[in-house]
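Engineer:
Residue numbers (full-length UniProt numbering): 1 to 184.
#1: Can you list, in chain order, the stretches of the beta strand (DSSP E) that have 3 or more residues and sit fully within the region 52-101?
#2: What residue from 41, 33 and 96 has the CA that sits closest to residue 85's CA?
#3: Nearest CA to the CA of residue 132: which residue from 81, 53 and 36?
#4: Please determine if the region 47-59 and the region 93-105 are in contact, where contact requires at least 3 C-beta pairs separated by less than 8 angstroms.
#5: Using 10 angstroms around the beta-carbon of residue 184, count the other beta-carbons present and answer buried if the total reaches 16, otherwise exposed.
#6: Of the choices 16, 4 and 30, whose alpha-carbon is the least far from that of residue 10?
#7: Can you find the residues in the same chain that come closer than 6 angstroms, C-beta to C-beta, to residue 180, ignoring five residues on each side of it along the sequence?
#8: Just the C-alpha distance for residue 77 and residue 6, rounded to the nearest angstrom, thanks.
#9: If you drop the 5 nearest sequence neighbours on each side, which residues of the same chain put their C-beta closer than 7 angstroms to that of residue 130?
#10: If you reduce the DSSP assignment to three classes, tell me which class residue 181 lands in.
#11: Can you have a look at residue 109 and say buried or exposed, based on whether 16 or more other CB atoms are within 10 angstroms of its CB?
#12: Does the structure place the region 89-99 close enough to the region 36-52 that three or more beta carbon pairs sit under 8 angstroms?
#13: Assuming the contact rule is C-beta atoms closer than 8 angstroms, residue 94 and residue 122 should be a hit. Round their C-beta distance to whole Å, please.
#14: Are the beta-carbon atoms belonging to residue 39 and residue 113 less than 8 angstroms from one another?
#15: Can you tell me which residues form a DSSP beta bridge with residue 133?
#16: What does DSSP give as the partner residues of residue 13 in its beta bridges?
#17: Can you give the beta carbon distance from residue 42 to residue 153, rounded, assuming they're within the 8 angstroms contact cut?
#18: Does DSSP put residue 160 in a helix, a strand or coil?
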């Protein structure tokens, strides 16, 4: 894997700048903040919390299609960053092939898929060098939990009068609250 570092999602949060997922290499004390959109954050939260949805989300659909075609999702790699844009790829094993199938992806999609399949995520040393920060530098900042993130998204949906989206977010909050033994 050419020096890639295995990483995990340290946390996902809402900051003053927006939604951010923090990746942390398994070895080391640096983290990599990757800013993502609200829908991508929701999909990652759904995967982290093992939230079961009635109908498949886009990431579930992609993995179901890959399964039916005989492809196996092996890992996600975040391999480059240029002008503050991260580059990721998905690696699948293919039937009747010794070479993996490599697909270009956004890091948020790569993470959402890897979480759903409990596949490893790797980052390149270059990405860590360019975008990594000491954990201490982030610990002092204001970071909100996934549940708080969803509550903010619910407020935004209500202000925008997007009641269908608000109802969906409310249902996710209810399930997360139940999982944590709380009442909404």
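Here a beta-carbon is modelled for each residue, glycine too, at the ideal position from N, C-alpha and C.
Since the structure is predicted, the reported quantities are computational estimates derived from the model, not experimental observations.
Structural biologist: Quick look at the numbers:
#1: 72-82 and 85-93
#2: 33
#3: 81
#4: no
#5: With a pLDDT of 32 at residue 184, under the threshold of 50, the predicted position of this residue should be treated as unreliable, and no value is reported.
#6: 30
#7: With a pLDDT of 49 at residue 180, under the threshold of 50, the predicted position of this residue should be treated as unreliable, and no value is reported.
#8: 9 angstroms
#9: 81
#10: The predicted model places residue 181 with a pLDDT of 47, which falls under 50 and marks its position as unreliable; any figure quoted below should be read in that light. Residue 181 falls in the coil class under three-state DSSP.
#11: buried
#12: no
#13: Between residue 122 and residue 94 the Cβ distance is about 20 angstroms, and since that is not below 8 angstroms, they are no contact.
#14: no
#15: 31
#16: 20
#17: 7 angstroms
#18: coil
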